[in-house]
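J.: Take this structure first; my questions come after.
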Amino acid sequence: MNDIRPCSLRNYNTFGIEATAARLVEYDTVEELQTLLDDRKAKGITTPLLHLGGGSNLLFTRARYDDCVFLHSRIRDLHVMEESEDTVCVRVGAGVVWDEWVQYAVERHWYGLENLSNIPGEVGASAVQNIGAYGAEAKDTIVRVDTIDLQTGAPRQFGAEECRYGYRDSIFKHELRGRYAVTHVSFRLTRHFRPQLNYGGIRLALQTRGIREEEITAEALRQTIIDIRRAKLPDPQVMGNAGSFFTNPVVTRSVYERIAQAYPDAPHFDVDNDHVKIPAGWMIEQCGWKGRSLGRAQVYEKQALVLVNLGGACGEDIVRLCEKVQQAVYEKFQIRIEPEVNFIG
Ligand code: EPU
Numbered sequence: 001m002n003d004i005r006p007c008s009l010r011n012y013n014t015f016g017i018e019a020t021a022a023r024l025v026e027y028d029t030v031e032e033l034q035t036l037l038d039d040r041k042a043k044g045i046t047t048p049l050l051h052l053g054g055g056s057n058l059l060f061t062r063a064r065y066d067d068c069v070f071l072h073s074r075i076r077d078l079h080v081m082e083e084s085e086d087t088v089c090v091r092v093g094a095g096v097v098w099d100e101w102v103q104y105a106v107e108r109h110w111y112g113l114e115n116l117s118n119i120p121g122e123v124g125a126s127a128v129q130n131i132g133a134y135g136a137e138a139k140d141t142i143v144r145v146d147t148i149d150l151q152t153g154a155p156r157q158f159g160a161e162e163c164r165y166g167y168r169d170s171i172f173k174h175e176l177r178g179r180y181a182v183t184h185v186s187f188r189l190t191r192h193f194r195p196q197l198n199y200g201g202i203r204l205a206l207q208t209r210g211i212r213e214e215e216i217t218a219e220a221l222r223q224t225i226i227d228i229r230r231a232k233l234p235d236p237q238v239m240g241n242a243g244s245f246f247t248n249p250v251v252t253r254s255v256y257e258r259i260a261q262a263y264p265d266a267p268h269f270d271v272d273n274d275h276v277k278i279p280a281g282w283m284i285e286q287c288g289w290k291g292r293s294l295g296r297a298q299v300y301e302k303q304a305l306v307l308v309n310l311g312g313a314c315g316e317d318i319v320r321l322c323e324k325v326q327q328a329v330y331e332k333f334q335i336r337i338e339p340e341v342n343f344i345g
């Protein structure tokens, strides 16, 4: 266990924003977390607990956090729970780095995660956020989420159904927000490689590399996804960011048709008969905000869905830019885009 008081949060957020926590506790096992919670109960301590993951989807909006205790999981075990000729079920610790897990699986010829390569963050948050990219989502392979109730210390397991997964969404972001710490996530992967190449850009990237669809391997697909992401998304080590800052709005078909009249080339994805998803990055670009900055915060020049820290930005700088962009999109399209990133206020 690592109990740091006070603690700089700079290395705990990929935006690279400086903030100070009065206390941050990193625990290595479920038992350590339970002991910490028991101790709080025994002493009647009620300071709010705030659980961090890899810090790749959050924004610290304050300079100091004196009135809460941050938690971070370093549970990093990995066990095969069940195997058959066709599938393998693996239980992975919440503190495992997501992309290390994807690489581990691809190396063992366990398939289903390739399209989620190179996403920053940790396994625990993948089950809260239902991370997604290139036509795949974490929920497609998650079968169970093991948690600890932060109020009582009691373990609780959630089947995938109970997690109520949606686009970048789960029960852990709504009714149960902040209530449970994810300790392990169980994934069911397949031993039969069925490449998913439908998302825009993948087939083109394969062609460019001279890879024929019939002979693609999971390793090659993973590498292709990594290359596409590296070309479009800034490396947080070089330029602080939290990936997509906004979610893509889902609008009714009539709203989409109104936009398509003015912009016949507007990119869009059908969600169901009545709903259409419109890329927020495209709308932001149409508003002329791509590449523009406000103070030390910028709309990334290669992908307008991403806000970046040009160096030395504080949380408020990013919030101000977020609001400007939201306002511009609203004025032009009468659609309100919402942050995907969690504001820690
Ligand atoms: N577009 C623009 N201008 C831009 C950005 C995008 O016109 O500046 C257009 C593109 O040309 C394309 C469409 O918008 O027609 C979609 O763009 P892209 O494929 O880059 O994906 P996205 O919708 O912007 C989503 C995810 C990403 C994920 C990609 C690929 C969300 C919020 N974001 O972005 O996820 O990598 O698809 O699947 O759904 C993340 O969550 O951090 C993330 C990076």
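When the sequence shown is numbered by my numbering, its final residue is 345 and no position is left out of the sequence of numbers. Each residue gets a CB set at the ideal place from its N, CA and C atoms; glycine is no exception. All values reported here derive from a predicted model rather than from experimental measurement.
Please list, in chain order, all residues of the same chain as residue 151 whose beta carbon is under 6 Å from its beta carbon, the five residues on each side excluded.
T.: Taken in chain order, the list of residues that qualify is empty.
J.: Where residue 178 and residue 186 are concerned, what is the direct C-alpha to C-alpha distance, given to the nearest angstrom?
T.: Those two C-alpha atoms are separated by around 21 Å.
J.: Flag residue 285 as yes when its Cβ comes closer than 7 Å to any non-hydrogen atom of the ligand EPU, and as no otherwise.
T.: Yes - the ligand EPU has a heavy atom lying nearer than 7 Å to the Cβ of residue 285.
J.: Taking 7 Å as the cut-off, does the CB of residue 205 come closer than this to any heavy atom belonging to the ligand EPU?
T.: Outside the cutoff, so no.
J.: How about the segment 229–247 and the segment 300–312: do they share at least three Cβ pairs that are nearer than 8 Å?
T.: Counting Cβ pairs under 8 Å, three or more are found: they touch.
J.: Based on DSSP bridge pairs, tell me the residues matched to residue 70.
T.: DSSP, once it has assigned bridges, lists 24 and 50 as partnering residue 70.
J.: Quick one: which unbroken alpha helix (DSSP H) runs of 4-plus residues sit fully inside the segment 183–262? Chain order, please.
T.: Correct list: 202–208, 218–232 and 253–262.
J.: Taking the Cβ atom as the reference point for each residue, do residue 220 and residue 341 lie within a distance shorter than 8 Å?
T.: It is not a contact, given that the beta carbons lie outside the stated cut-off.
J.: Less than 6 Å between C-beta atoms, sequence neighbours within five positions excluded: which residues of the same chain meet that for residue 222?
T.: The answer, listed in chain order, is 106, 114 and 117.
J.: Is residue 87 near the ligand EPU, with its Cβ less than 7 Å from a heavy atom?
T.: Checking every heavy atom of the ligand EPU against the Cβ of residue 87, none is found closer than 7 Å.
J.: For residue 4, collect the residues of the same chain with a Cβ closer than 6 Å to its Cβ; drop the 5 residues on either side in sequence, then sort them by chain order.
T.: 24, listed in sequence order.
J.: Would you grab the beta carbon distance between residue 12 and residue 72 for me? Rounded to a whole angstrom, and I think it's under 8 Å.
T.: Sure, about 7 Å apart at Cβ, within 8 Å.
J.: Using a threshold of 7 Å, is the CB atom of residue 125 nearer than that to any non-hydrogen atom of the ligand EPU?
T.: No, the Cβ of residue 125 stays beyond 7 Å of every heavy atom of the ligand EPU.
J.: I'd like the span of the beta strand (DSSP E) that includes residue 277, first residue to last.
T.: Note, residue 277: beta strand (DSSP E), 275–277.
J.: Taking all protein chains shown into account, do 16 or more other C-beta atoms lie within 10 angstroms of the C-beta of residue 194, making it buried, or fewer, making it exposed?
T.: Residue 194 is exposed by the Cβ-count criterion.
J.: Using a threshold of 7 Å, is the CB atom of residue 14 nearer than that to any non-hydrogen atom of the ligand EPU?
T.: No, since every heavy atom of the ligand EPU falls outside the 7 Å radius drawn around the Cβ of residue 14.
J.: Comparing alpha-carbon positions, which option in 248, 35, 10 and 323 lies nearest residue 167?
T.: Closest option to residue 167, Cα to Cα, is 248.
J.: On the three-state DSSP scale, how would you describe residue 281?
T.: Three-state DSSP puts residue 281 in a helix.
J.: Tell me whether residue 101, by its Cβ, gets closer than 7 Å to a heavy atom of the ligand NAP.
T.: The ligand NAP is absent from the structure shown, which contains only the ligand EPU.
J.: Suppose contacts are defined by Cβ-Cβ distances below 8 Å. Is residue 180 in contact with residue 142 by that definition?
T.: No, these two residues do not count as a Cβ contact at 8 Å.
J.: If residue 26 and residue 74 are in contact, beta carbons under 8 Å, what's the gap, nearest whole angstrom?
T.: 5 Å between Cβ atoms; contact.
J.: When you compare only the Cα positions, how much space is there between residue 81 and residue 318?
T.: Cα to Cα, residue 81 sits roughly 43 Å from residue 318.
J.: Count the other C-beta atoms from every protein chain shown that fall within 10 angstroms of the C-beta of residue 130, then say buried if there are 16 or more, exposed otherwise.
T.: Buried, by the Cβ-count rule.
J.: Between residue 326 and the ligand EPU, is the CB less than 7 Å from at least one heavy atom?
T.: Residue 326: no, Cβ never under 7 Å from the ligand EPU.
J.: Three or more beta-carbon pairs under 8 Å between the segment 46–61 and the segment 202–212, yes or no?
T.: No, the segment 46–61 is not in contact with the segment 202–212.
J.: For chain C, find out if any of its Cβ atoms is closer than 8 Å to the Cβ of residue 236; answer yes or no.
T.: The structure shown contains no chain C; it is built from a single protein chain.
J.: Are at least three pairs of beta-carbons, each pair with one atom in the segment 244–259 and one in the segment 278–285, less than 8 Å apart?
T.: Enough Cβ pairs lie closer than 8 Å, so yes.
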